[in-house]
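Peer 1: Under the UniProt record's numbering, the letters of the sequence shown match residues 1 to 571, in that order.
Cβ atoms here follow ideal geometry from the backbone N, Cα and C, with glycine treated the same way.
Provided herewith is a single structure, encoded as structure tokens, for subsequent inquiry.
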Amino acid sequence: MCQESCRCGPETRRSGRRGPSIDPSRRRARTGGTRAPDGDDAPLPIRSTRPTGGPMPAPRHLAATSLVALSALSLTACAAGGAGGAGDSINATLGTDPGGFDPALARAADDYVVDRMLFDTLLRKDDGNQLVGGIATDWEAASASDYTFTIRDDASCADGTPITPTVVADSLTRFADPETASTGRTLALGGASAEITPDDAAGTVHVQLSEDWADFLTGMTLPHSGIVCPAGLADPDGLLAGTVAGAFSGPYTLTASQPAVSYEMTLRDDYDAWPEFADPLEGTPATTVTFTPIADPATLATQLLSRGVDVASFSGEEVERFDGDDSFAQTQVTGLTSYLLFNQREGSPFAGKPELRRAVAQAVDGVALTDVLTDGRGERIASVSSDAVSCVSTDDALLVPNDPDAASSVLAGVSIRLVGTQLFGPGNEYIAEVLRAAGADVSYDELDNANWSTTTGSPTGWDVTLQGDINLMGTLTSSLLRVMGPSQEDGGRNKTGVVDDTGYAALTEAMTVVDPEERCAPMQEAQASVLETVSAAPLAAVPTTVVTADGVSIRAFDDYIDPSTMRLTAE
1 MCQESCRCGP ETRRSGRRGP SIDPSRRRAR TGGTRAPDGD DAPLPIRSTR PTGGPMPAPR
61 HLAATSLVAL SALSLTACAA GGAGGAGDSI NATLGTDPGG FDPALARAAD DYVVDRMLFD
121 TLLRKDDGNQ LVGGIATDWE AASASDYTFT IRDDASCADG TPITPTVVAD SLTRFADPET
181 ASTGRTLALG GASAEITPDD AAGTVHVQLS EDWADFLTGM TLPHSGIVCP AGLADPDGLL
241 AGTVAGAFSG PYTLTASQPA VSYEMTLRDD YDAWPEFADP LEGTPATTVT FTPIADPATL
301 ATQLLSRGVD VASFSGEEVE RFDGDDSFAQ TQVTGLTSYL LFNQREGSPF AGKPELRRAV
361 AQAVDGVALT DVLTDGRGER IASVSSDAVS CVSTDDALLV PNDPDAASSV LAGVSIRLVG
421 TQLFGPGNEY IAEVLRAAGA DVSYDELDNA NWSTTTGSPT GWDVTLQGDI NLMGTLTSSL
481 LRVMGPSQED GGRNKTGVVD DTGYAALTEA MTVVDPEERC APMQEAQASV LETVSAAPLA
541 AVPTTVVTAD GVSIRAFDDY IDPSTMRLTA E
């Protein structure tokens, strides 16, 4: 059972089979059902208040976030008669250029968006943290390390190659190979190796992990695990560049690519492998979707109000321009969580110095930072995930209290390299200012999101960052692996460079437990280790509001907005 200061997940659903099972241990693609009215879909209450003192820059507003909260999304239905009319194309935006088109190597928000459009995964997320079929029509977990998938018999690659169990196994074997260095590998497999065996005659793929990892099924929803077709596997450089037309397994192909200008995707005529969500999608997919890199929220709001844009995501005050307007609908999700994250590798001042990390956390007023970052819409968090995530700690007593005087006694004269994404500009500036006020010698580099992700994914060149954590899986594991376990240079997600043996051992123990509620005790131990060592200092849950006008729709599943669900709905 969960400890007092954590959130437990829903009751485990089990199959009719005897023996161990995982939620969901055996599930067919579902139809019917409705969205729950609360839980992860509910708007976050605002607990923060505006600070009355202390150094803080005049707030600039957080740039509009992406489909999964770090880059802006907007859509324009293009047709005679203007946006919202009958037509077959959608214009969408990204926060910046994608880092490439190899799903296994996806590292940032815009990568996840384009990969979801171009590559199908075995499973997909639905409401209530449930799973539905993607390329797999049926799946079974005999234990936390033994999985079998039945592959649909009507799926094909963009060049017409049938997607057989062998095609699936070859792609997943590459994804699971440590040499590929996919940041999604640790999420899906933990530290395990995988033996992936296809049976084309039976239409199945069997996965045997060397160690238990109870999040494996959810890991098969990640964009990183997208199935790359044989043509793409044969040309990895072309795959990354997006020039191998036959590489794609998803509904769209990349038909034009101009960095910093636009990325055009075209719906495949032969594609019929759409997931059967519990609440079926309405409308029709666009024949053409064009993504343009742009991140200015004021521009997005103006275009949306003028119906030049039909849907956009906002994390700042621009969303107020749509309040009370019945011609627009709003859906709020927790786009991401934010926390201070420290580079603890040799060469950083924070290596082996928990007292320095604690001092930085003491210098930063979490309530003030939350207010600056979210214009008062965010919620202070007590762990690296939002309060909606199962087993998350909500014990504020474990957080480092704000104490500028104590921070100054430790930080005076310490050189600190702060690196931040431009999407968190106001928050980064606030952190730099309070650290300088504490006597630290702070150098601050503000980078676009792609370069920030690359820089903080490297062992050198930075000391601390305001981490924006997109929880694609909707699990506590996803966020914890940012601050423990295998480092990014070793193919994991951990940016700190330190495994955190105590915390990672607790997390690994949790991944052997098939009952989600029984995982909470070791998950609490893992979070306590992170907070005690100040590998991370939790700050804010950043809400994203998706605003849609008539004629175009997009679906949010809990806190995940799925770009491939974009539909034209005008009659």
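#1: Flag this pair as yes or no: are the beta carbons of Val419 and Thr455 separated by less than 8 Å?
#2: Would you kindly work out how many angstroms separate the C-alpha atoms of Ala136 and Pro251, rounded to a whole number?
#3: How big is the Cα-Cα spacing for Gly485 and Met566?
#4: When we look at the beta-carbon of Arg60 and count the other beta-carbons within 10 Å, is it buried (16 or more) or exposed?
#5: Grouping DSSP H, G and I as helix and E and B as strand, with all else coil, what is Tyr252?
#6: Taking only three categories from DSSP, how would you classify Asp126?
#7: Which partner residues does Arg555 have in the DSSP bridge list?
#8: Kindly indicate which residue of Val364, Gly95, Asn91 and Thr508 has the alpha-carbon position closest to the one of Ala260.
#9: If you reduce the DSSP assignment to three classes, tell me which class Trp274 lands in.
#10: Cα separation between Ser443 and Cys157?
#11: Can you tell me whether Gln527 is buried or exposed, with buried defined as 16 or more other CB within 10 angstroms of its CB?
#12: Give the straight-line distance between the Cα atoms of Phe350 and Ser458, rounded to the nearest whole angstrom.
#13: DSSP state of Met523, grouped into three classes?
#14: Below 8 Å on the Cβ atoms is my contact criterion, and I expect Leu281 with Arg555 to pass it. Report the Cβ-Cβ distance as a whole number of Å.
#15: Measuring only the C-alpha atoms, how far is Thr569 from Met511?
#16: Here's the rule I'm using: 16 or more other beta-carbon atoms within 10 Å means buried, otherwise exposed. How should Ile22 be labelled?
#17: How would you label Glu140, buried or exposed, when you count the other beta carbons within 10 angstroms and need 16 or more for buried?
#18: Leaving out five residues before and five after Trp213 in sequence, what residues of the same chain have Cβ atoms less than 6 Å from its Cβ?
#19: Going straight from the alpha carbon of Gln303 to that of Leu222, what length do you get?
#20: Quickly, what does DSSP pair Tyr263 with across the bridge? List them, please.
#21: If you draw a straight line from the alpha carbon of Gly246 to that of Gly238, how long is it in whole angstroms?
#22: Is the Cβ-Cβ distance between Val367 and Val534 less than 8 Å?
#23: Evaluate contact between the stretch 369–377 and the stretch 423–441, counting only Cβ atoms and requiring at least three cross-stretch pairs below 8 Å.
#24: Within 10 Å of its beta-carbon, does Thr460 have 16 or more other beta-carbons around it, so buried, or fewer, so exposed?
#25: Straight-line CA distance for Ser553 to Gly474?
#26: Taking the CB atoms as reference points, tell me whether Thr545 and Gln362 lie closer together than 8 Å.
#27: At 3 residues or longer, and completely inside the stretch 333–368: list those beta strand (DSSP E) runs for me, N to C.
#28: Quick check: the Cα distance between Ser145 and Ile196, rounded to an integer number of angstroms?
#29: Does the stretch 321–329 touch the stretch 383–391, meaning 3 or more C-beta pairs lie closer than 8 Å?
#30: Just curious, the alpha helix (DSSP H) that Gly232 is in, first and last residue?
#31: Could you have a look at Ser145 and say whether DSSP puts it in helix, strand or coil?
#32: To the nearest angstrom, how far is the alpha carbon of Glu320 from that of Leu539?
#33: Output needed for Val68: all residues of its chain with C-beta closer than 6 Å, excluding positions within five of it in sequence on either side, in chain order.
#34: For Arg417, which beta-bridge partners are listed by DSSP?
#35: With which residues is Arg567 paired in a DSSP beta bridge?
#36: Return yes when the Cβ of Thr148 is within less than 8 Å of the Cβ of His224, no when it is not.
Peer 2: Well, looking at it:
#1: On the sequence shown, position 419 is the one that residue 419 refers to. On the sequence shown, position 455 is the one that residue 455 refers to. It is a contact, given that the beta carbons lie within the stated cut-off.
#2: Along the sequence shown, one-based indexing puts residue 136 at 136. Along the sequence shown, one-based indexing puts residue 251 at 251. Spanning the two alpha carbons is a distance of roughly 15 Å.
#3: The residue labelled residue 485 in the question sits at position 485 within the sequence shown. The residue labelled residue 566 in the question sits at position 566 within the sequence shown. The alpha-carbon atoms of Gly485 and Met566 are separated by roughly 35 Å.
#4: Looking up residue 60 in the sequence shown gives position 60. Here the model assigns Arg60 a pLDDT of 36, short of 50, so the residue's position is not dependable, and the following value carries that caveat. That one is exposed.
#5: Sequence index remark: in the sequence shown, residue 252 carries index 252 (1-based). Of the three classes helix, strand and coil, the one that applies to Tyr252 here is strand, per DSSP.
#6: Looking up residue 126 in the sequence shown gives position 126. Asp126: strand per DSSP, three-state reduction.
#7: For the purposes of this step, residue 555 is taken as residue 555 along the sequence shown, with counting starting at 1. Note: Arg555 sits in a beta bridge opposite Asp562.
#8: As a working note, residue 260 is residue 260 in the sequence shown. Per the Cα distances, Gly95.
#9: Residue 274 sits at position 274 when you count from the first residue of the sequence shown. In the structure shown, Trp274 sits in coil (DSSP, three-state: anything other than H, G, I, E or B).
#10: Walking along the sequence shown from the start, residue 443 turns up at place 443. Walking along the sequence shown from the start, residue 157 turns up at place 157. Spanning the two alpha carbons is a distance of roughly 48 Å.
#11: One-based indexing of the sequence shown puts residue 527 at position 527. Counting Cβ neighbours within 10 Å, Gln527 comes out buried, since at least 16 surround it.
#12: As a working note, residue 350 is residue 350 in the sequence shown. As a working note, residue 458 is residue 458 in the sequence shown. Answer to the nearest angstrom: the Cα atoms are 16 Å apart.
#13: Mapped onto the sequence shown, residue 523 falls at position 523. DSSP places Met523 in helix when its eight states are reduced to three.
#14: Locating residue 281 in the sequence shown gives position 281, counting from the first residue. Locating residue 555 in the sequence shown gives position 555, counting from the first residue. That belief holds up - the Cβ atoms of Leu281 and Arg555 are roughly 6 Å apart, short of 8 Å.
#15: Looking up residue 569 in the sequence shown gives position 569. Looking up residue 511 in the sequence shown gives position 511. About 42 Å.
#16: As a first step, residue 22 is located in the sequence shown; it is residue number 22 there, counting from the start. Only weak support exists for where Ile22 lies, its pLDDT of 30 falling under 50; the value from the coordinates is given anyway. When all chains shown are included, Ile22 counts as buried.
#17: Numbered from its first residue, the sequence shown carries residue 140 at position 140. Buried, by the Cβ-count rule.
#18: Taking the sequence shown and counting its residues from 1, the one referred to as residue 213 is at position 213. For Trp213, where only same-chain residues beyond five positions count, the Cβ hits under 6 Å are Leu189, Gly190, Ala192 and Met511.
#19: Within the sequence shown, residue 303 is the residue found at index 303, counting from 1. Within the sequence shown, residue 222 is the residue found at index 222, counting from 1. Cα to Cα, Gln303 sits roughly 31 Å from Leu222.
#20: Translated into positions along the sequence shown, residue 263 becomes position 263. For Tyr263, which the question treats as bridged, DSSP gives the partners Ser257 and Phe291.
#21: Mapped onto the sequence shown, residue 246 falls at position 246. Mapped onto the sequence shown, residue 238 falls at position 238. In a straight line, the C-alpha of Gly246 is about 11 Å away from that of Gly238.
#22: Here residue 367 refers to the residue found at position 367 when the sequence shown is read from its first residue. Here residue 534 refers to the residue found at position 534 when the sequence shown is read from its first residue. Not a contact, by the Cβ cut-off of 8 Å.
#23: yes
#24: Here the question's residue 460 lines up with position 460 in the sequence shown. It counts as exposed.
#25: For the purposes of this step, residue 553 is identified with residue 553 of the sequence shown, where counting begins at 1. For the purposes of this step, residue 474 is identified with residue 474 of the sequence shown, where counting begins at 1. When rounded, the distance between both Cα atoms is 22 Å.
#26: Residue 545 sits at position 545 when you count from the first residue of the sequence shown. Residue 362 sits at position 362 when you count from the first residue of the sequence shown. Not in contact: Thr545 and Gln362 (Cβ atoms no closer than 8 Å).
#27: none
#28: As a first step, residue 145 is located in the sequence shown; it is residue number 145 there, counting from the start. As a first step, residue 196 is located in the sequence shown; it is residue number 196 there, counting from the start. Approximately 12 Å, taken between the alpha carbons.
#29: no
#30: Within the sequence shown, the letter at position 232 stands for residue 232. Looking at the DSSP string, the run of the alpha helix (DSSP H) that includes Gly232 is Pro230 to Leu233.
#31: In the sequence shown, residue 145 corresponds to position 145, counting from 1. In this structure, Ser145 counts as coil in the three-state DSSP scheme.
#32: To locate residue 320, count along the sequence shown from 1; it is residue 320. To locate residue 539, count along the sequence shown from 1; it is residue 539. Near 24 Å, if we compare the C-alpha coordinates of Leu539 and Glu320.
#33: What you label residue 68 is simply residue 68 of the sequence shown in a count that begins at 1. For Val68, the predicted structure reports a pLDDT of 37, less than 50, and the residue's modelled location is therefore unreliable. A value from the coordinates is still provided. Cβ neighbours of Val68 beyond the five flanking positions: Ala109, Tyr112 and Ile470.
#34: Mapped onto the sequence shown, residue 417 falls at position 417. In DSSP, Arg417 forms a bridge with Ser443.
#35: For the purposes of this step, residue 567 is taken as residue 567 along the sequence shown, with counting starting at 1. Ser553.
#36: Position 224 of the sequence shown holds residue 224. Position 148 of the sequence shown holds residue 148. Cβ atoms of His224 and Thr148: not closer than 8 Å.
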